[in-house]
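Asker: Once you've had a glance at the structure underneath, I'll fire off some questions.
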Amino acid sequence: MDHGTIERELHIDASPEVVFDVVSNPEHVREWWPDEAEYPVVPGGAGRICFGDPADGGTWVQFTVVDAVPPRLFSFRWTYTDGQVAAPGNSMLVVFELEPAGSGTRLRMTESGFRERGWDEAKVAAEHADHVTGWDFYLPRLTAYAARLGTSA
Numbered sequence: 001m002d003h004g005t006i007e008r009e010l011h012i013d014a015s016p017e018v019v020f021d022v023v024s025n026p027e028h029v030r031e032w033w034p035d036e037a038e039y040p041v042v043p044g045g046a047g048r049i050c051f052g053d054p055a056d057g058g059t060w061v062q063f064t065v066v067d068a069v070p071p072r073l074f075s076f077r078w079t080y081t082d083g084q085v086a087a088p089g090n091s092m093l094v095v096f097e098l099e100p101a102g103s104g105t106r107l108r109m110t111e112s113g114f115r116e117r118g119w120d121e122a123k124v125a126a127e128h129a130d131h132v133t134g135w136d137f138y139l140p141r142l143t144a145y146a147a148r149l150g151t152s153a
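Here it is, written out as structure tokens:
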């Protein structure tokens, strides 16, 4: 298996504008993915996200916005060491591409950067498997949350 990239394509019953907000705005992102999110939604905007209760030892992960082009594209780098600048070779790149599809949105999510980290094959495979499991859990939550917002918009 390659373990280089994770790709998912989803149909969401909400407009690209709603979906863009759901994948980019920290207030919405924390409703379907991490428990906490702190970052500006601008290219180069650096911050962090937390999995678990921040007050009870949650795990903070560094996060930097790469592109924010409403309502078509949002991308970020994450999982790099605190104190570093996110770059190829030290972080994962996640790209959300959105396009209108009927009355909803087609969302393409790609995560790459596993091989570029310099890890041995076992570590690449383990990290890739962990992220596959994560996205397979969180993306259905994104879809349901965005659809709920889309019907109330």
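Note that full-length UniProt numbering has the sequence shown beginning at 1, numbered continuously upward. All residues carry an ideal CB built from backbone N, CA and C; glycine is no exception.
For N90, which of F96, Y80, L73, E97 has the nearest alpha-carbon?
Answerer: Residue numbering aside, residue 90 sits at position 90 when the sequence shown is read from its first letter. Among F96, Y80, L73, E97, the Cα nearest to that of N90 is on Y80.
Asker: Is the beta carbon of L139 sitting closer than 8 Å to the one on M109?
Answerer: Looking up residue 139 in the sequence shown gives position 139. Looking up residue 109 in the sequence shown gives position 109. Yes. Within cutoff.
Asker: By the three-class DSSP mapping on this structure, what secondary structure does R8 have?
Answerer: For the purposes of this step, residue 8 is taken as the residue at position 8 of the sequence shown. Three-state result, R8: strand.
Asker: Locate the alpha helix (DSSP H) running through F96, then write down its first and last residues.
Answerer: What you label residue 96 is simply residue 96 of the sequence shown in a count that begins at 1. That residue, F96, is in no alpha helix (DSSP H); its beta strand (DSSP E) goes 92-101.
Asker: Could you spell out where the alpha helix (DSSP H) holding E121 opens and where it closes?
Answerer: Here residue 121 refers to the residue found at position 121 when the sequence shown is read from its first residue. Unbroken alpha helix (DSSP H) run through E121: 121-152.
Asker: According to DSSP, is V61 helix, strand or coil?
Answerer: Mapped onto the sequence shown, residue 61 falls at position 61. V61: strand per DSSP, three-state reduction.
Asker: For L10, I'd like the list of residues in its chain whose CB is within less than 7 Å of its CB, leaving aside the five on either flank, ordered along the chain.
Answerer: Looking up residue 10 in the sequence shown gives position 10. So the qualifying residues of the chain are L107, L139, T143.
Asker: Could you pull out every residue in the same chain whose Cβ sits closer than 6 Å to the Cβ of G150, ignoring the five residues on either side in sequence?
Answerer: Within the sequence shown, the letter at position 150 stands for residue 150. Once the five neighbours on either side are set aside, the close Cβ partners of G150 are D13, A14, V18.
Asker: Apart from the five residues just before and just after E31, which ones in its own chain have a Cβ nearer than 6 Å to its Cβ?
Answerer: Your numbering for residue 31 matches position 31 in the sequence shown. Correct list, in chain order: Y145.
Asker: Nearest to V66 by CA position, among W60, T59, F74, is which residue?
Answerer: On the sequence shown, residue 66 is found 66 positions in, with the first residue counted as 1. V66 has its Cα closest to that of F74, out of W60, T59, F74.
Asker: Is it the case that the Cβ atoms of H28 and V124 are separated by a distance below 8 Å?
Answerer: Indexing the sequence shown from 1 puts residue 28 at position 28. Indexing the sequence shown from 1 puts residue 124 at position 124. No. Outside cutoff.
Asker: Using DSSP with H/G/I as helix, E/B as strand and the rest coil, what is W33?
Answerer: Looking up residue 33 in the sequence shown gives position 33. Correct three-state label for W33: coil.
Asker: Leaving out the 5 sequence neighbours to the left and right, which residues in its chain are closer than 6 Å to P70 when beta-carbon positions are compared?
Answerer: Position 70 of the sequence shown, counting from 1, holds the residue named residue 70. Taken in chain order, the residues that qualify are F20.
Asker: When DSSP builds the beta bridges, which residues end up paired with T110?
Answerer: As a position in the sequence shown, residue 110 is number 110, starting the count at 1. T110 pairs with E7, V95.
Asker: Can you tell me which residues form a DSSP beta bridge with D67?
Answerer: The residue given as residue 67 occupies position 67 in the sequence shown. Its beta-bridge partners are S75.
Asker: Pull up the distance between the alpha-carbon of R48 and that of G134, whole angstroms please.
Answerer: Taking the first residue of the sequence shown as 1, we reach residue 48 at position 48. Taking the first residue of the sequence shown as 1, we reach residue 134 at position 134. Near 17 Å, if we compare the C-alpha coordinates of G134 and R48.
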